[in-house]
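Peer 1: This is the structure I want to talk about, given as structure tokens.
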Amino acid sequence: MTWEPLEGVSIHAPAATFEITGTAELDEVPASLAYDGAADEDAAVSSSPFYVPAEGQRVTAWQLEISPSVVPGFEPVGWGGPETRDATARLSVSSGAQRLPIEPHEDTQDPLGASCTAGLPCSHITPGRYVMVTSVAKEGPQELIVSTDGEDQVLDLQSGEVTSSASLLAEQRSDLELQTSTTWPREVYTILTEAEADEQGYRWTYSDVELTYAGSVNSVLLVPYDEHLGWAQEGRAWLSVQITDDPRRLQQGSELQYDRGRTFQLMVGDESLTPVGDEAMTDYLVFDVPSDFTAGEFRYRPTGSFVLDDSPLEFQAENSFTLEILFEGERR
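In terms of numbering that gives the first Met the number 0, the sequence shown has 312 at position 313, counting the first letter as 1, and numbering is strictly consecutive.
The structure is reproduced here in structure tokens:
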């Protein structure tokens with residue numbers, strides 16, 4: 000058997016990368032391999048030690064390599080928050096209307112894939128190399144399908160093209176993470192002076208009411224899939240910013256609440272975008288952007304409310320922290 004090497008025939012799923020690195024046409028296949036995982040109508044008991052394709056059929060071997068995903072994620076910095084979605088990848092092959100899960104040639108009922116249930120990145124993925132054998136009509140299509148969280152990524156094994164009804168960002172671009180190493184110095188904003196508090200009748204205020212905020216941003220992600228939000232829509236992407244080392248400390252008062260839509264903004268040209276997702280997503284902020292996004296400005300200006308002497312008060316800091324975001328737009 001002579002392998003024909005292939006390049007760039009791959010699917011970049013959230014859990015792992017699945018790449019076809021070689022192909023070979025076969026005249027015959029050991030029967031034990033041919034019938035393991037085959038469709039029921041094809042798996043009739045045969046006394047022959049080899050499977051020989053019928054007239055009009057072709058048997059093809061494919062070298063399949065599984066490696067860690069190129070889709071990045073943030074390490075968690077806190078507890079709680081919304082549940083993490085199951086990003087496990089499951090593999091199948093199809094030809095026309097027929098679709099079959101890929102099962103390893105072992106004593107197992109589990110289809111081949113990559114488990115990913117504890118968030119991104121799926122760093123525990125163990126690289127592996129497999130040989131996948133297909134038997135289809137000579138002129139029939141052959142596709143490798145990776146199913147993740149309700150969406151299919153379909154790889155045409157002849158053309159190498161990947162299609163999906165969800166975002167194809169990881170197939171189109173290689174610049175999915177931008178290193179920033181930005182640190183904002185500590186800022187103290189006086190919401191209410193002690194004198195103002197006395198004048199307004201607040202009884203339990205013994206100093207200025209001050210908000211202290213700061214932060215660091217080590218990287219910005221541009222991804223097709225988020226562990227809490229799932230897939231971005233076709234032609235869209237998730238831009239994610241994680242702020243660490245932010246004290247968010249309030250001197251006096253209690254129940255500090257940030258208004259996310261007014262505190263955090265992403266400026267793309269003249270358009271102001273606000274974070275999407277559940278308010279419980281406190282580890283990082285996510286913005287819905289076009290998949291061809293390259294430049295924007297992230298702004299952080301604490302705005303919200305707190306309680307002082309059982310009275311609700313609103314505030315907005317005078318100064319904003321800003322971060323210029325510039326992706327190169329590198330094509331894969």
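Ideal Cβ positions, reconstructed from N, Cα and C, are used throughout, including at glycine. Here the structure is a predicted model, which means the values were calculated and not measured.
If I'm right that residue 261 touches residue 302 with Cβ under 8 Å, what's the distance once you round it to whole angstroms?
Peer 2: 4 Å
Peer 1: I think residue 244 touches residue 214, with their Cβ atoms under 8 Å apart; what is that distance to the nearest whole Å?
Peer 2: Rounded, the Cβ-Cβ distance is 6 Å, consistent with contact.
Peer 1: With DSSP as the reference, label residue 1 as helix, strand or coil.
Peer 2: coil
Peer 1: Is the beta carbon of residue 73 closer than 8 Å to that of residue 283?
Peer 2: The answer is yes: Cβ separation under 8 Å.
Peer 1: For residue 211, which of 316, 10, 279, 91 has the nearest alpha-carbon?
Peer 2: 316
Peer 1: If contacts are defined as beta-carbon pairs under 8 Å, then residue 165 and residue 231 qualify, I think. What distance do you get, rounded to the angstrom?
Peer 2: 7 Å
Peer 1: So, helix, strand or coil for residue 298, using DSSP?
Peer 2: strand
Peer 1: Between the region 85-102 and the region 137-144, do three or more beta carbon pairs fall short of 8 Å?
Peer 2: yes
Peer 1: Considering residue 259, what are the terminal residues of the alpha helix (DSSP H) in which it resides?
Peer 2: Run containing residue 259: 259-262, per the alpha helix (DSSP H) assignment.
Peer 1: For residue 208 versus residue 194, is the C-beta distance shorter than 8 Å?
Peer 2: No. Outside cutoff.
Peer 1: Within 10 angstroms of the Cβ of residue 264, are there 16 or more other Cβ atoms? Answer buried if so, exposed if not.
Peer 2: Sixteen is the threshold: when 16 or more other Cβ atoms of the shown chains lie within 10 Å of the Cβ of residue 264, as they do, the residue is buried.
Peer 1: Does DSSP classify residue 62 as helix, strand or coil?
Peer 2: strand
Peer 1: In chain order, what residues of the same chain lie with their CB nearer than 7 Å to the CB of residue 352, ignoring the 5 residues before and after it?
Peer 2: Only positions 0 to 331 of the chain appear in the structure, and residue 352 is not among them; the question remains open.
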